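These notes concern the structure reproduced below.
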Amino acid sequence: MTAPRPGAAMRAAGASDLAPPSGALVLHGAVLRPDGGSWDGSRYTGPRLRAIDRSGLQGMTGLVAVVAEGSFVGVVAATPELARQAGARLALDWDEGEASNARAAAWRRQAGAPAPQGRHDGGATLQATYAWPVPAVDQAGTWAIASWRDGDLMVWAAAPAATLRADLARLWNLPADRIHALPSGQRAHPCALDAAADASLLAHAVGRPVRVPATHAPRMPVAAHTLRAALDAGGAIATLDWQDDGSGVARPSMARLLARQDGVAPPPPRHMAPHYAFADASVGLSARAPLDASPALWAATQPARVFALESFIDEAAAAAGVDPVAYRLQHLDDARGAALVRRVARQAQWPGIDGEPAASRAPAQRPARTGRGFAYACTLDDSAEPARRVWSAWVAEVAVDADSGAVALSRVVVGHDADGVHDNDGVHDARTAPGAPTAALAAALAAARIRDAAGRLLPGQAPFDGGSSRAAREEAAPPLAVDLLAPAGGIAPAGDAVAPIAAPWSDAATLPAAAAVANAIYDATGVRLRAPPFDSAAARRSLAAADRPRRLRRSAYAWLGGAAAAAAGLIMSALPWRGAIAPVSAPDLSLYSAQAIERGRLVAAAGDCVVCHTAPGGTPNAGGLALDTPFGTIYSTNITPDADTGIGNWSYAAFDRAMRQGVHRDGRQLYPAFPYTSFAKLTEADMQALYAYMMSQPAVRSEPPETRLAFPYNLRPLMAGWNLLFHDGQVYQPDPAQSLAWNRGAYLVQGAGHCGACHTPRNALGAERKGLSALLAGGEAEGWEAPALNGLSRAPVPWTEDDLYAYLRTGFSERHGVAAGPMAPVIHGLAELPDQDVRAMAVYLASLNPPAPEAAAQAAAVNTLEQASAPDARLFPTGGERLFQGACAACHETRAAAPLFGARPSLALNTNLHSDKPDNLIQVILNGIADPAGEGLGYMPAFGGSLDDAQVAQLVDYMRVRFAPQRPAWTDVAGRVGELRAAARGLAATQ
Numbered sequence: 001m002t003a004p005r006p007g008a009a010m011r012a013a014g015a016s017d018l019a020p021p022s023g024a025l026v027l028h029g030a031v032l033r034p035d036g037g038s039w040d041g042s043r044y045t046g047p048r049l050r051a052i053d054r055s056g057l058q059g060m061t062g063l064v065a066v067v068a069e070g071s072f073v074g075v076v077a078a079t080p081e082l083a084r085q086a087g088a089r090l091a092l093d094w095d096e097g098e099a100s101n102a103r104a105a106a107w108r109r110q111a112g113a114p115a116p117q118g119r120h121d122g123g124a125t126l127q128a129t130y131a132w133p134v135p136a137v138d139q140a141g142t143w144a145i146a147s148w149r150d151g152d153l154m155v156w157a158a159a160p161a162a163t164l165r166a167d168l169a170r171l172w173n174l175p176a177d178r179i180h181a182l183p184s185g186q187r188a189h190p191c192a193l194d195a196a197a198d199a200s201l202l203a204h205a206v207g208r209p210v211r212v213p214a215t216h217a218p219r220m221p222v223a224a225h226t227l228r229a230a231l232d233a234g235g236a237i238a239t240l241d242w243q244d245d246g247s248g249v250a251r252p253s254m255a256r257l258l259a260r261q262d263g264v265a266p267p268p269p270r271h272m273a274p275h276y277a278f279a280d281a282s283v284g285l286s287a288r289a290p291l292d293a294s295p296a297l298w299a300a301t302q303p304a305r306v307f308a309l310e311s312f313i314d315e316a317a318a319a320a321g322v323d324p325v326a327y328r329l330q331h332l333d334d335a336r337g338a339a340l341v342r343r344v345a346r347q348a349q350w351p352g353i354d355g356e357p358a359a360s361r362a363p364a365q366r367p368a369r370t371g372r373g374f375a376y377a378c379t380l381d382d383s384a385e386p387a388r389r390v391w392s393a394w395v396a397e398v399a400v401d402a403d404s405g406a407v408a409l410s411r412v413v414v415g416h417d418a419d420g421v422h423d424n425d426g427v428h429d430a431r432t433a434p435g436a437p438t439a440a441l442a443a444a445l446a447a448a449r450i451r452d453a454a455g456r457l458l459p460g461q462a463p464f465d466g467g468s469s470r471a472a473r474e475e476a477a478p479p480l481a482v483d484l485l486a487p488a489g490g491i492a493p494a495g496d497a498v499a500p501i502a503a504p505w506s507d508a509a510t511l512p513a514a515a516a517v518a519n520a521i522y523d524a525t526g527v528r529l530r531a532p533p534f535d536s537a538a539a540r541r542s543l544a545a546a547d548r549p550r551r552l553r554r555s556a557y558a559w560l561g562g563a564a565a566a567a568a569g570l571i572m573s574a575l576p577w578r579g580a581i582a583p584v585s586a587p588d589l590s591l592y593s594a595q596a597i598e599r600g601r602l603v604a605a606a607g608d609c610v611v612c613h614t615a616p617g618g619t620p621n622a623g624g625l626a627l628d629t630p631f632g633t634i635y636s637t638n639i640t641p642d643a644d645t646g647i648g649n650w651s652y653a654a655f656d657r658a659m660r661q662g663v664h665r666d667g668r669q670l671y672p673a674f675p676y677t678s679f680a681k682l683t684e685a686d687m688q689a690l691y692a693y694m695m696s697q698p699a700v701r702s703e704p705p706e707t708r709l710a711f712p713y714n715l716r717p718l719m720a721g722w723n724l725l726f727h728d729g730q731v732y733q734p735d736p737a738q739s740l741a742w743n744r745g746a747y748l749v750q751g752a753g754h755c756g757a758c759h760t761p762r763n764a765l766g767a768e769r770k771g772l773s774a775l776l777a778g779g780e781a782e783g784w785e786a787p788a789l790n791g792l793s794r795a796p797v798p799w800t801e802d803d804l805y806a807y808l809r810t811g812f813s814e815r816h817g818v819a820a821g822p823m824a825p826v827i828h829g830l831a832e833l834p835d836q837d838v839r840a841m842a843v844y845l846a847s848l849n850p851p852a853p854e855a856a857a858q859a860a861a862v863n864t865l866e867q868a869s870a871p872d873a874r875l876f877p878t879g880g881e882r883l884f885q886g887a888c889a890a891c892h893e894t895r896a897a898a899p900l901f902g903a904r905p906s907l908a909l910n911t912n913l914h915s916d917k918p919d920n921l922i923q924v925i926l927n928g929i930a931d932p933a934g935e936g937l938g939y940m941p942a943f944g945g946s947l948d949d950a951q952v953a954q955l956v957d958y959m960r961v962r963f964a965p966q967r968p969a970w971t972d973v974a975g976r977v978g979e980l981r982a983a984a985r986g987l988a989a990t991q
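Count the sequence shown with full-length UniProt numbering and you get residues 1 to 991, in order.
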């Protein structure tokens with residue numbers, strides 16, 4: 001007799017059984033991955049597991065099992081923390097992996113070979129590579145739970161049900177109907193399939209439900225596609241070779257690749273086949289694909305594949321001298337798709353569709369630098385069940401500014417169709433108001449998706465918009481009848497009504513958007529952009545350069561006039577005085593949207609304005625904080641919108657001049673303790689938003705103490721010469737060779753975050769030292785050492801991107817320590833920023849350091865350091881050990897017991913113990929951590945009132961010898977304790 005199926009049992013028991021198990025019923029898993037893993041499109045080709053050393057797990061309570069199958073390794077424990085700790089204590093021995101295999105070698109040979117040869121009768125060949133930025137993925141909080149019942153598998157995960165069932169069925173060689181994908185209540189996530197497969201293996205091994213967090217986020221910065229074609233004598237594509245970097249191939253779950261590498265063979269890789277008919281077409285990987293591409297990244301990069309194919313088709317049409325729509329129809333053997341292409345082109349009044357000759361669309365008959373582009377897609381939408389085929393076509397019309405290269409989208413016409421729809425007349429003109437009498441709701445939904453797709457392609461400079469919630473952005477989005485992308489009209493309403501949208505809207509219908517806009521830009525300028533976004537600095541430079549010959553023919557007199565104006569500007573910037581900017585009445589805040597003000601709040605949070613402009617116990621931003629500098633004490637000013645004592649009567653021009661040039665509204669030079677040298681890098685959009693936010697805050701009447709420095713530093717006009725020597729007022733320029741995340745992080749670190757103000761060494765005149773080697777090479781702030789953030793870091797274990805992200809996001813890194821002193825308020829400010837901004841900062845900072853060693857080497861280094869710091873028979877400085885046992889051991893002696901006060905970092909790994917200076921360790925002992933950087937970190941009591949200078953010095957000497965035995969002893973610690981204590985007293989007296 002067979003056991004009843006769990007699905008029937010759950011239906012009989014009630015809907016409550018659909019909820020994931022919780023509490024003591026669930027065990028927790030952690031999975032260990034090999035570094036440098038790869039696959040060849042069919043099987044795993046990376047490092048393989050040779051041996052596991054479990055000796056580090058001896059005596060560990062709460063551990064349930066270590067699961068190893070093939071090269072899959074995981075641990076199961078009673079709590080997530082115990083599982084994580086057990087994984088960190090395992091020592092894994094990996095081999096170097098396969099250097100190559102037959103299939104990967106064949107693909108590499110194919111990638112390096114000449115263009116494919118076919119029946120092209122002596123025609124030309126065409127090749128192009130297209131790149132697509134892959135957004136960073138926040139994996140925090142994503143999890144999966146698996147449970148086995150009577151041979152059936154129940155899984156709760158944020159992955160598409162069809163994809164989940166298919167992969168797990170192949171992993172376990174089970175019929176798909178025995179895999180039950182249940183709702184987890186999470187948003188869909190690219191890492192969820194990996195977590196679900198991991199959980200299924202661990203749950204099967206221990207016979208209980210197991211919960212596994214997502215631990216492997218995709219890190220591919222771009223998706224790259226190279227297409228090569230041989231054209232026949234008439235210009236048509238005869239053969240097509242499409243090489244993929246791996247992002248466009250849906251790989252199996254890592255559990256399948258690692259655990260079943262010698263068992264059940266995965267099916268052939270899934271790749272989007274061209275939606276045109278060619279005499280010969282091949283699709284494959286250009287090399288072994290990294291495992292960084294998650295299985296669900298295939299869905300996330302569908303726009304990349306459509307963008308590559310449709311841009312390439314457009315290039316081929318241009319090479320053949322054939323109208324782009326006619327060229328597509330020439331290669332399209334899908335009657336339903338061809339009908340949609342014709343309907344959309346007709347709706348957009350594309351010449352040549354209804355008998356009008358295509359030649360009438362000559363560029364001379366259109367306004368200068370305007371163009372239109374076409375793109376089409378036919379894809380499988382498997383986001384819902386059952387999966388359905390979706391056809392879509394776009395016409396985009398753009399205008400490109402000849403001087404700046406800025407692109408404005410003036411009109412789009414979108415049509416879509418889907419399986420299961422009998423009425424195929426679903427054409428939607430986005431100029432039509434959503435209040436049309438037919439299909440109003442469908443039109444509104446389509447308009448929102450169209451607007452969202454266009455916004456990602458032409459985002460302008462909107463770095464902080466990610467901080468707003470999706471609901472807030474959608475609520476604030478203008479209705480479809482309103483101009484969408486100013487300045488030139490955008491998407492405007494039309495008088496004619498729209499035909500009903502017969503097909504239910506699918507996000508797959510937006511896939512041709514990027515190619516349509518890129519093709520329109522090419523039609524307008526002759527410049528082919530092969531990577532979005534199309535409003536990036538690099539794109540704008542390329543588009544503006546297209547008009548360079550005309551500009552070079554301008555009069556020599558105009559050139560000389562410009563040179564004279566530039567020289568005059570340089571002279572004016574060096575003048576020791578600057579003219580006052582007239583006061584104005586309070587700005588009309590109704591001119592600024594709520595989104596702009598919110599964006600300004602995030603700029604202010606990134607810049608920590610409130611930290612420096614608030615005295616202890618004072619009103620936020622009212623000024624009065626005493627800033628101790630080598631040149632004397634400087635008091636921060638009131639930056640609330642009070643007209644008499646603050647900036648309430650400052651125009652935007654005055655505000656912008658102060659932020660970028662360091663000049664007060666009244667013409668006085670500001671001291672660079674105010675980091676205008678960094679704020680100058682802000683974009684115009686961010687500066688405008690910051691001004692709007694500051695002017696929207698409560699006005700506070702407050703007159704801070706006046707800054708009075710000793711001669712000659714009290715001569716403010718000298719700052720004009722300082723600026724001429726040391727200040728670069730240029731807005732941040734993205735590096736086109738780096739990823740979007742890197743550039744975003746560099747913009748934040750160098751600009752609003754002004755990290756260099758503390759972490760870059762300064763010269764004798766107080767300016768940050770120049771050069772890549774000096775960038776973030778370490779400095780001082782308020783009596784604390786600001787450690788180096790580049791390759792000069794004294795951290796005993798190298799900082800990784802994940803370490804930096806954890807520290808900036810929470811104020812705590814397990815392998816480095818807790819944020820204290822001036823860094824704690826910085827963490828408070830960063831907590832306001834969207835997660836992708838903090839991750840971007842970590843990406844950039846990690847790039848300044850040497851590559852971190854592999855996980856196994858990192859774990860070994862950590863283990864060595866902690867073992868070296870264990871109490872032994874060594875002779876320690878007199879009295880230091882006794883003081884440590886009395887004041888510190890309760891929290892810091894052993895990390896195996898439960899913590900008493902929040903987080904408990906390892907002192908053996910703490911950067912402060914390994915520094916060249918004892919300053920930070922002394923400061924923490926004297927002042928404690930009364931205001932931790934984040935909730936849950938706990939506080940540390942101050943010992944400055946209970947220990948004298950000699951006792952603090954004894955304690956510091958002991959901790960240095962014990963926890964950093966590889967480093968030389970500090971000298972004159974007692975003297976430094978006295979200096980720091982006196983400086984703190986002096987600074988407190990000025991407040």
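By construction, the Cβ of each residue, glycine as well, lies at the ideal position given by its N, Cα and C atoms. Values in this document were obtained by computation on a predicted structure and should not be read as measured data.
Could you tell me the alpha carbon to alpha carbon distance between Ala442 and Gly624, rounded to whole angstroms?
Confidence is the limiting factor: at Ala442 the pLDDT is only 47, short of 50, which leaves the residue's position unreliable and the question unanswerable from this model.
Who are the near neighbours of Pro825 in its chain, counting only those whose CB is closer than 6 angstroms to its CB and skipping five residues on each side?
Val611
Is Ala942 helix, strand or coil by DSSP?
Correct three-state label for Ala942: coil.
Are the beta-carbon atoms of Ala319 and Ala124 separated by less than 8 angstroms?
Yes, the pair counts as a contact, with Cβ atoms nearer than the cut-off.
Given 8 angstroms, three or more beta-carbon pairs between the stretch 906-920 and the stretch 779-787:
At 8 angstroms Cβ cutoff, the stretches touch.
Contact check, Arg530 vs Ala223, beta carbons under 8 angstroms:
no
Go through the stretch 769-842 residue by residue and report every complete run of the beta strand (DSSP E) that reaches 3 residues or more, in order.
779-781 and 784-786
Hey, how far is the Cα of Leu909 from the Cα of His204?
37 angstroms
Mind the definition here: the stretch 161-173 touches the stretch 223-232 only if three or more C-beta pairs lie below 8 angstroms; say whether that holds.
In this structure the stretch 161-173 does not lie against the stretch 223-232, because fewer than three pairs of beta carbons, one per stretch, are closer than 8 angstroms.
Cβ of Tyr376 less than 8 angstroms from any chain D Cβ?
Considering every chain present, this structure includes no chain D. It has just one protein chain.
What does a CB cutoff of less than 6 angstroms around Leu845 pick up in its chain, not counting 5 residues either side in sequence?
Leu789 and Leu804
Expressed to the nearest angstrom, what Euclidean distance is found between the alpha-carbon atoms of Ala563 and Gly721?
Note that Ala563 scores 37 on pLDDT, short of 50, meaning its location in the model is unreliable and no value can be drawn from it.
Relative to the C-alpha of Gly62, which residue among Ser71, Arg84 and Ser55 is closest?
Arg84
Report all residues from its chain with a CB closer than 6 angstroms to the CB of Asp972; omit the five preceding and five following residues, and keep chain order.
When the five nearest sequence neighbours on each side are left out, no beta carbon in the same chain lies closer than 6 angstroms to the beta carbon of Asp972.
For Gly829 and Arg708, what's the separation of their Cα atoms in angstroms?
30 angstroms
Extent of the continuous alpha helix (DSSP H) run through Trp742
Leu740 to Gln750
For Ser946, count the other beta carbons within 10 Å of its own beta carbon; 16 or more makes it buried, fewer makes it exposed. Which is it?
exposed
Can you list, in chain order, the residues of its chain whose CB lies under 7 angstroms from that of Ser847, leaving out five sequence neighbours each side?
These residues qualify, in order along the chain: Trp742.
Going by DSSP, which residues form a beta bridge with Thr226?
Answer is Thr129 and Gln243.
State the beta-bridge partners of Ala181 as determined by DSSP.
Among the bridge pairs identified by DSSP, Ala181 is matched with Val155.
The stretch 669-681 / the stretch 582-602 touching (three or more Cβ pairs under 8 angstroms):
no
Check whether the stretch 84-96 touches the stretch 53-72, taking contact to mean three or more Cβ pairs, one atom from each stretch, closer than 8 angstroms.
yes
Okay, do the stretch 144-160 and the stretch 183-203 touch, 3+ Cβ pairs below 8 angstroms being the bar?
yes
Could you give the first and the last residue of the continuous alpha helix (DSSP H) run that contains Gly753?
Neither: Gly753 is in no alpha helix (DSSP H) and is coded neither H nor E.
Is it buried or exposed, Asp608, if we count other Cβ atoms within 10 angstroms and call 16 or more buried?
By the 10 Å Cβ count, Asp608 comes out buried.
Span of the beta strand (DSSP E), counted from its first residue to its last, around Ser147
Trp143 to Arg149 is the span of the beta strand (DSSP E), which, as asked, contains Ser147.
For Glu310, count neighbouring C-beta atoms within 10 Å of its own C-beta (all shown protein chains included) and say buried if the count is 16 or more, exposed if not.
buried
Got a sec? Which residues, its chain only, sit under 7 angstroms from Arg372 by beta carbon, not counting five neighbours each side?
Taken in chain order, the residues that qualify are Val395, Ala396, Glu397, Ala520 and Asp523.
Going by the CB atoms, is the gap between Asp244 and Ala238 shorter than 8 angstroms?
Using a Cβ distance threshold of 8 angstroms, Ala238 and Asp244 do not count as a contacting pair.
Near Val663, what residues of its chain come up, given a Cβ to Cβ distance below 8 angstroms and the 5 sequence neighbours on each side ignored?
Arg578, Arg657, Gln669 and Leu670
Proximity to Arg178 [Cα-Cα], best of Leu25, Cys191 and Ala162:
Ala162
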